Every structure is written in structure tokens, then in C-alpha cells.
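There are 2 protein chains.
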Amino acid sequence: MNLSDYVLKFLEQKKVKNVFTITGGAICFLMDAFSRNKNMTYTSVAHEQAAAMMADSFSRLGPNFSATIVTSGPGATNLLTGIACSWFDSVPSIHICGQVNRYELRNFDKTLEKVRQVGFQETDIVSMAKPITKFAYQLKHENEIKYILQKAYFISQSGRPGPVLIDIPMDLQRKKIIPEKLKSFYPKKKKIKKQKLIRQIKEILKVLKKAKRPVIIIGGGVRISKTIKDLNIFLKKFDIPLVTTWSGVDSITHDTKNYIGNVGVYGSRSANFVVQNSDFVLSLGTRLDTRITGGVPKNFAREAIIASVDIDKYELNKKRGLKINIKINECLSDFFCYFENISNNSIISKPEWLKKSLLWKKKYPIILDDYKKQKKYVNPYFFMEKLSEKLSKDDVVIADDGAHLTWTIQALKVLKKQRLFSAFGNSPMGYAFPASIGASIALNKKRIICIDGDGSIQINIQELQTMISNKLPVKIIIINNDGYGIIKQFQDLYLDKRYEAVDSKKGVTNPNFKKVAKAYGIKYSEIKNNSNIDKILKKAINSKNAEFINVFIKPDQKIIPKLTFGSSLEDLSPKLARDELLDNMIVKPVIRNKKIIESN
Amino acid sequence: MNLSDYVLKFLEQKKVKNVFTITGGAICFLMDAFSRNKNMTYTSVAHEQAAAMMADSFSRLGPNFSATIVTSGPGATNLLTGIACSWFDSVPSIHICGQVNRYELRNFDKTLEKVRQVGFQETDIVSMAKPITKFAYQLKHENEIKYILQKAYFISQSGRPGPVLIDIPMDLQRKKIIPEKLKSFYPKKKKIKKQKLIRQIKEILKVLKKAKRPVIIIGGGVRISKTIKDLNIFLKKFDIPLVTTWSGVDSITHDTKNYIGNVGVYGSRSANFVVQNSDFVLSLGTRLDTRITGGVPKNFAREAIIASVDIDKYELNKKRGLKINIKINECLSDFFCYFENISNNSIISKPEWLKKSLLWKKKYPIILDDYKKQKKYVNPYFFMEKLSEKLSKDDVVIADDGAHLTWTIQALKVLKKQRLFSAFGNSPMGYAFPASIGASIALNKKRIICIDGDGSIQINIQELQTMISNKLPVKIIIINNDGYGIIKQFQDLYLDKRYEAVDSKKGVTNPNFKKVAKAYGIKYSEIKNNSNIDKILKKAINSKNAEFINVFIKPDQKIIPKLTFGSSLEDLSPKLARDELLDNMIVKPVIRNKKIIESN
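These protein sequence lines map, in sequence, to chains A and B.
Using the working numbering, the first residue of the first sequence is number -4, and each one after it goes up by one.
Using the working numbering, the first residue of the second sequence is number -4, and each one after it goes up by one.
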């Protein structure tokens, strides 16, 4: 057995099953191991960036873990944007890069260190990947391989998960090894601080009892810690409002009686009123970043006691104006388990507060009646309602970025075992499409709904070929507004409508998608107004093939509601009449004027 | 004037003229400055990777310098593979990335440093870019802008040039500044070590006089130091054989009487015989890397005294088995100038040696008669001969990577003011096409010949739209061998023909290029055998439009000759009869058996 065989064997044991790859000079020996391992397969993609994004979604949906295998230099650097998706969203994955022979490396001899390159396509990928990986390592000797793989795997999965990278020089790829003689890695598992956790849970129960307006915020950490079931058991103890973050959007079925909506800068008015008026916030697996808190964190839930469960202690301890009163630095599974034991059968119920919250939900829906009546163009909010109706109970929806991501998260009703995600923290253009391919492969060629923008799809449009050659029923839905809608809305608000580099009037053009789809042999359809949606969408998403569905919306379609800069979370735009705002606020509203401008 | 206006003004002064960009949330204010600067334009591309590659070729061909402007996070990380092209090939360029507001940065507060992300799409691009830039800096205060831009520009252009990156938080982009009050950067220019240089040139002259078999190797440094004219004057003093490296391939017109060919792993037999038999090598602006020396550098020109002029002292001092006897760490322009003065009118002439060299050139041509007679498929060597015939005197040819790059460099006859280059050191798939777009823009919509592979073109195929929307007459020539030819040749040689992940039998498929070209409105033609070349090629490259020319070659077409691992540079494969090899060697040939395998 050579080292390459061992690497594949290891991935096989970790249930990776399929690896995303482009071969190349420095990875040939590793790829050659596939000829001897019949349990492992690979998908050859057209750009390594897409491979890393496929691995990201494969890990989110697959049995356990995911991997890419690529060559040195550009093969490795092409991964980085994709790896960053896994880094910011805490997705475990491993990226194995070929490297030049050890004797061709810059670190082989002191006189070589400051040379830009020694071996052909040598690049210091370890240093480049360090800021976006939990562990990045260049293999020094064949005897390290077992230890390093085990260590990398452990680090990737433990604590707050994330991607890892191993760089393997090609001379090492062909070395013979004897697995039994190799050194193993024995992880030190973090121990629960049991007494502290019990104390904190008791404190939470005490505060909850007194609280008049408590709320639970559900974040992406629930999925990451694989505690969806535990969450559902946990929630049975509560009869209070629930809200989700973007990452948490598919952690509960949206027909849950107490579910109010998404909170945040692009949240719903109702969810934001709930949080801003709350006197106790229990935050589960969310880093409460500025997209949740708004640009001035101290105004977030400002009269509430905040308790937060986060496996990442740095997130709990960051000083950004938001004060977390009860910081629980434990895994959610432990939190849920201890909470169950301590709370026994008590139910926390705040009927008046819940009733008020549900009234808000009813009074301020995301999808307004007017949207349905829109004659020209498709309304994206109404479209999402229609899409929700057509989904099966376990459909996977992957959205890209910018405006169409926002519309999807705001308006799609995620039910049952459905999934809805994006690469939230990194939010690159071009994620959704390769991620849909990775998802379909992870789920045995299942149909995947890919919601993309006309600008974004172009980033990884080369993967149309990968989709077709692998016969994957990905349904590409383009929410087409002729350019970068979210940037245009920014220019409307803050740059006096000076539209630079956002639409076809300023050089940002789309190909003829109909012709492009046809060129790749993909079925194409267009939805041009609300009345077309039903029939075309039904047919396209129920076919057995890949489909390209071009949905034309108003080029100046806005995100509604959204927080404008300087406003506090309760005061979303379009602004309510001041009286109405005051009516909704139990806590005194903040009306700020100072302009602070943040990126979208 | 705000800081963004100042940045554009600065680029304008440096003759950047056109910037390659995709806008985004964190770069809106900088992009907005274009609305107020009528002398600067931008090209909106479809993927930032392509923007960096366009900037790379724009810098190689344009008046002075080049720039990209992109947004934070994925916008910035998408640049990296393109920036690496400029780094390894010493191309000066500046990359300006938007960043989140300073108060949203991880380095804003100590408690934030270990958090993965604070501001939305915040990414530590400075750390990630450091290994592949000469200078990467995040702006801390608006008052630094003049100093930092001047410093970055100076560093980028001075010594061994290369790319630089500046990360500008969005709050700084909108700050008012008063340019006159800003601090300037005053560079310390490196002084020539005059006495040493004079001594070294005298030594070279002395050795040259005695030498029986001297050779000059011309590298990419000549172009980089803008000394093509000086080189031509310099060469008038010599009547000895000249060879080029890949990067140096377009530094002299190939009909120069003394020009023998390319030296190296994929060089010509003749050029390699010249170098391997030489007793003196004058190396001008080449780092003499392993693609030139072969895998065992000590066997390179092993009986020669080697003199090398390189602005990068680390390249001169690297210990890789090759001993450089005279290390001239000065700029080529200074070297040529002093050489001119010291040598006066003396001519260095070695007629017998030159005659022998020219005989080799005649005896071992790259393009064999058999190639022309090939009936089925196009022969790529013959194709390059035909292409050479059809080029105008100042045509620009940009080749991608792998096998088709090798065929182009081996066989294209670069004449007069023609240019031929690739991203040699980084050698990513997908460079040639966006680089051709950048080149065409640099040269006022001039036609550019792009030589690409069927695998490689897919990496940046999204830029077909950029080409079309900007009406650029790029001639995309696909040397189509159904997969990754150079890897296949590697698998033939060293992996017993186990073809993993290289062709359509193993999941590496091409789209229907005819249909794809048509979808984008690009004229398409096919060349299927040698007899078709003339007519189709002539028409396609002389049209006023972009063209897509699909050239079908044998799927198992080999690179001939090439060095196989373990052999010395004089012993290219297919191997000559041992007698014939001995006949050609004045220096004793090395016939090694130990297998050392390097990447292609």
C-alpha cells in the first residue's frame, strides 16, 4: 500500500464516498489510487472553486464529511473562495492538494526560502489557506500521514467545525507505508464544565420564570451540532415566540405555531418587534453578528437579558456593543441534554406575549397582497410563495447571494424536512449552482432547487457541463433583474442613483441564457409574470431532468423590508408611520439620525 | 475630493486607463469615483479571477501598469490565482480590494481577533495575498493613502517587479482628503555596484575570448526590464548561438541568424545540444529553473562557466546543484549599458561553434516532415507552422497551459514585433482567454490569438460574455484532444496507462463548443485535418470578429521531444540512438537510470 492508497482508505472510512477534483501534474499519484479503490468515486469538475463549493454542500447534506483533491499551484489557490464558504459557516471538509517533490520546495534549503518558486507550480498554499482553515499542513514525511489525517479530521469536526487542508508533496504520494506501524493521533476532548453549565441553566430557568417577553433565537449552530432532534424536544417545553437567523432558517418547520420569522437587517417586522421588545433572549448557536443585531449592536434587544449558547468562546466574548449576560460555552447537545434533566417537565408559557407576537406576524406579513396583483414582471416574494407550495417535504433549496438570496430567505416557507441554505458568511456570487451539484451527488442524484441571480450564475457557469455529464436534476431558477440588484438598491439609497458597474447600461451584461441552456442540452423556460408561475414552475421542477428557469422580475425590484443605516432593528424600511412604530414598541424605540454606512 | 477620487487619479497618472472589476457592497464608494473621472474607464467582468488575469496581460502589453478593483471577501479571494500569475512572472500590477468598515474589522478590538468574521464578507485578504505579492497592506487611515499608493507602485515596479495589493475599508473610501497635505513616499533607489559590475563584465569578456563554445540564454527578464532594444544592440556584438527560455521566447525575432531554439525540458534538441556542449553560458534574465535545467541541475551545462544577470539576488544564490560562477545582481539595462562601454567595438565570434549549432538546428527541426503528411486529425506542430505563416508582424499570441502551450512554444515561429506568452510560472488552466481579453483592451481592441485547450477554456468560459459585450476580436483556437493531454502522457509513462480523471472516458467532458459559441454569438469553425488548416484559419483570423476555432488533434498526441525523468538535458525523448547521441556530444553525455518523477 502506498501513501495515496492510505489517504483514500481514510476518506472511505470517514464516509466521504465521492471526492471533487480536477487532476494535474502534482496530484497524479494520489488520483491513481482511485484505480485500486472500488469503494471511492470522484467527480471531475471544470473549476476547482466549484469543487470546494460542491464539497461544502456535500458536507452539509452528506453522511459525514467531504473532500476535494487538487493539484498544486493554481489548482490549490482556485479552492480558496470555496474553502472560505466552509470556514465562515463552520462546515467540516478536507482539501488535499498535491505539491511538488520535497526537494523542489522552497523550504528544502535556506537559500531557497526567498525565491518566489522552485518547483514548477509550487505555491505556498499552506500560508495562503491558514486564515480560512482550522488546520493547514504540508506533509513532511510519509510516516506522518496517519497522525496528520486523524488530527486534521478531528480538528475539522470538533468544537466549531471548519475546513482543513493538507498539502502532500508528490514524492510522498508514492511512498510505501505500513499502516500498522504509523503513529496515531489521540485527541484531547474538551470536557464539559458540568457545574458551570448546571448553574447557568438554573439561572436561565430562573430568569425565564420572571420574564414577561422571552424569545428564542435559533441559529445555524443547531444544524452544525447535529441537534435538530434535540431542539425539537427542547422546544416542547416552551410556549413562547421563536425566531430564526438566516443560518437557522431551516432548523425548524415554519408551520410551527410559535414561529414568528427571521430576525435581522433583512428580517421580518414581526420577528424584529419580538426581539426588540423582548426582556429575555435565549440565543442558540448564533454568533449574533451585525446582520442579526443591526449596525449598532447595543440597540439590539436592549432591554433583554441575553443568554447565548455558542461552542466558540471568541464569539461569546467579542466586544461589539452587545452585552451577553449568560455565556454558555458548551456544545448545544450538552446544553439540551442538561436542560432536559434540570427543567424536568416544567413548561415555560407566556400566552399574552405569544399572542402579541402572533398578531405582529399576522399584521406584518412578508408577502403583501399587492405583490400578487402585480401585472408586469414576476414579483419575487410571490414567486417564493408559489415555490413553497410546490416543494416536497424533503426538498433542498440552495440560494446564492445578494437580493435573490434575501427574497428567498424572507419569503420561502421552509417545511418539514426541507433544507434551505447558502454560503451565508462568505456569500460569494456563484455558490448556489456548484453547491446544488454537490448536494445532488450527496443525495444520490436527488433534485435540488438552485436559486440564483443572473449576475451570480455566470461565476460558475462552466459547471453546466458537470451537471449535464453527471445527469443531475438541478433546477436552476434565475431571479433575473438584469444586474446586481442589491448593489443597485445601495446606490439608490446612498449614491444618488449613480449606477456604476451594476447593470447592462454600465457594462454588466448577461449572455442569452436560453441559448446557453440549449447549448448544454438543458431544458429552458421563462416566467415573465405572476400568472405564468404556476404552470411553468410545476412542470419544470417535476421533470426528471436539469432545468433552467429564467424568472424575470422588475429591474428595480427592492428588498422589502430592510434596515437602512442608522436605524435600529425595530425600524425597518419602508418606515412605518411613527405612531404605528410607537404602538408596536413596549421598549422605547430608537430613532437615530447619524449615518453609518455598511456594506450590503 | 474624497479618497476614492484620489485613488483613481493616481491610477490615471500611472497610465492605467482601464480597470478590471466586479463591483460589490464593500467597493461601491470607490467605484462611484468613476462617475466623476472621465479619463478612467472600467471593464466589468464575470469572475474576479479573470479580472486579475486581464490585468496581468494588460500590464505585459499596456503603457505601464494595470489594476483591478474588487469587493471584499470572495471578490478579493477570487483574485488570488490571477495575482499569482503576476507574482511568478514578475508582472507589476495593483489590486485594490474593498473591505468592511474599520470598526467592523477583526483587528478593531483585541476581543475580536480570534473571531472568524466580524463585518459581513470580512476576510483577511492581506494575509492570504502576502505569499504571492510584493506588498499587501490594509489601509489604516485616510491620510496614508498617498504614501501607500506611491509605495505600492514603487515596490511593484522596482527590482524584480510583481503585484501589490491594497485593502481599503469602506469608511475610508468616502473620507475627504486634501492631497497636498498628505505625506509622500520617497523611495530609496538601489544603487548600482559600479566597480563590481565593471569587474564582472571584464571577467565575462575575458572568459568569452577564451571560450570555444559560448551560448547566450535569453530569458523573460529582458521584457520585464524593458530592454528589448538594448538586447538587440548588445547582440550585435556576438556571432555565437542564442537560445531562449519559454519566458524569453518573444524577446528576439526567430529569424535571427544565430537563434537555435528553446532550451529546456520541452526545448529543442538543437538548443539543448548547444547548451549542454557549451563551455560558457551567459544567462540574461532567467532564473534557470528546473524546466530549463532539467530535474538534476548539476547536469545542466556542466562543463560551462555560467554567468547570470538577475535582478533577484535570491535566484542567483539558490543552491539547487547548479553553480553560477559569475553572479551579476544588477538590472539588465545597467548590464547592457556598461557592457557597451567596456567592450567597445569588439565582436565575439566563434564561427565553427556557430556552424555546428546551426547544423544541429537544421538536423533536428521541431516540425518533422511526417507531421505534414498526417492524414487523420490535425498535427499541432504543423498547425503552429501554418499559424506562424498567417500572423502579422505585431500579432499577440497568448497560450494557456499544458500540452497545447508546449506545442505552441516549441513550434510557433515568433517574428518581428510579435508577442507570445503565457502565465509561465503559475501556469493555471484558464489564463489565456481572459488574458487575451485584457490584451485586446490594452491594445485598443486589437485582434489577439488565444491558444487554448478543451479542458482549460472551461475554467474561464464565463468571459465569453465579456468578450462579446466589449466587441473584442479574440481568436480562440482550441487545440482539442478530448481532455488533459499532458497528464495523459504522464500516465502513459509512469502509471501504466491508468487514465484517471483525464478524458471523457473518465468523466472529463467537454460541452458542445459549437453550440456554446453559437449561444454567445461567436463565429465557430472546425479544423479536422491538416489539409483544412489553411483556408479556415486564414478566414477566421482575418475576420473582424471574435472567432472560435476548434482544432481536432489526435487524443493521444504526444509532446515531442520532451525530457523524461532521470535523463539529462541532451537526452530528450524519443531517445536518439546512443551512437547518434554520442556523436552530438562534445561534453560526455550523462545516462542516468534512477527514476525521479516530477510534475509535468
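Each residue gets a CB set at the ideal place from its N, CA and C atoms; glycine is no exception.
From a predicted model like this one, the values you see are computed outputs, not experimental measurements.
Within-8 Å CB hit, residue i to chain B
i               : result
A514 of chain A : yes
I482 of chain A : yes
W348 of chain A : no
C23 of chain A  : yes
M424 of chain A : yes
E495 of chain A : yes
P429 of chain A : no
A79 of chain A  : yes
E7 of chain A   : no
R55 of chain A  : no
S39 of chain A  : yes
R218 of chain A : no
Q453 of chain A : yes
Reference residue i, options the options, closest by Cα
i               : options                           : result
T281 of chain A : A:S303, A:S263 and A:D274         : A:S303
S520 of chain B : B:P69, B:A535 and B:Q413          : B:A535
A505 of chain A : A:P182, A:G450, A:Y261 and A:E458 : Ala is not the amino acid found at residue 505 of chain A; the sequence shown has Asn there. Answer by Cα proximity: A:G450.
I275 of chain B : B:G259, B:S464, B:Y515 and B:A299 : Checking the displayed sequence, the identity of residue 275 of chain B turns out to be Phe instead of Ile. Here the closest residue by C-alpha is B:A299.
I474 of chain B : B:T106, B:R414, B:K492 and B:F547 : B:F547
K184 of chain A : A:V159, A:T251 and A:F149         : A:F149
L567 of chain A : A:N465, A:P360, A:N267 and A:Q486 : A:N267
V469 of chain A : A:M424, A:R97 and A:I517          : A:I517
E335 of chain B : B:D307, B:F233 and B:D250         : B:F233
V503 of chain A : A:I454, A:N32 and A:N537          : A:I454
S61 of chain B  : B:V14, B:I196 and B:N476          : B:V14
Beta-carbon proximity check, residue i vs residue j, cutoff 8 Å
i               : j               : result
P126 of chain A : S122 of chain B : yes
Y479 of chain A : G397 of chain A : yes
A154 of chain A : S81 of chain A  : Ala is not the amino acid found at residue 154 of chain A; the sequence shown has Gly there. Taking 8 Å as the Cβ cut-off, G154 of chain A and S81 of chain A do not qualify as a contacting pair.
K553 of chain A : Q457 of chain A : no
K322 of chain B : P209 of chain B : no
Q94 of chain B  : I163 of chain B : yes
M35 of chain B  : L6 of chain B   : yes
F180 of chain B : Y142 of chain B : yes
A47 of chain A  : I78 of chain A  : yes
Neighbour-count burial assignment, residue i, 16 or more Cβ in a 10 Å radius
i                : result
N340 of chain A  : exposed
K146 of chain B  : buried
R573 of chain A  : exposed
L(-2) of chain B : buried
N588 of chain A  : Low local confidence applies: a pLDDT of 49 at N588 of chain A is under 50, so the model's placement there is unreliable, with the coordinate-based value given in what follows. Flag for N588 of chain A reads exposed.
Closer than 9 Å at the beta carbon, the chain C residues around residue i
i              : result
V65 of chain B : Of the chains in the structure shown, none is chain C; the protein chains are A and B.
Chain A contact for residue i (CB, 8 Å cutoff)
i               : result
Q457 of chain B : yes
E521 of chain B : no
A296 of chain B : no
S179 of chain B : no
Residue i in three-state terms, based on DSSP
i               : result
T36 of chain A  : strand
T63 of chain B  : strand
G93 of chain A  : strand
V2 of chain A   : helix
A394 of chain A : strand
L279 of chain A : strand
D447 of chain B : strand
L100 of chain A : coil
R155 of chain B : coil
D305 of chain A : coil
T16 of chain B  : strand
D498 of chain A : strand
Y489 of chain A : helix
Cβ-heavy atom distance, residue i to the ligand FMN, below 7 Å
i               : result
G259 of chain B : Ligands displayed in this structure: none; no statement on the ligand FMN is therefore possible.
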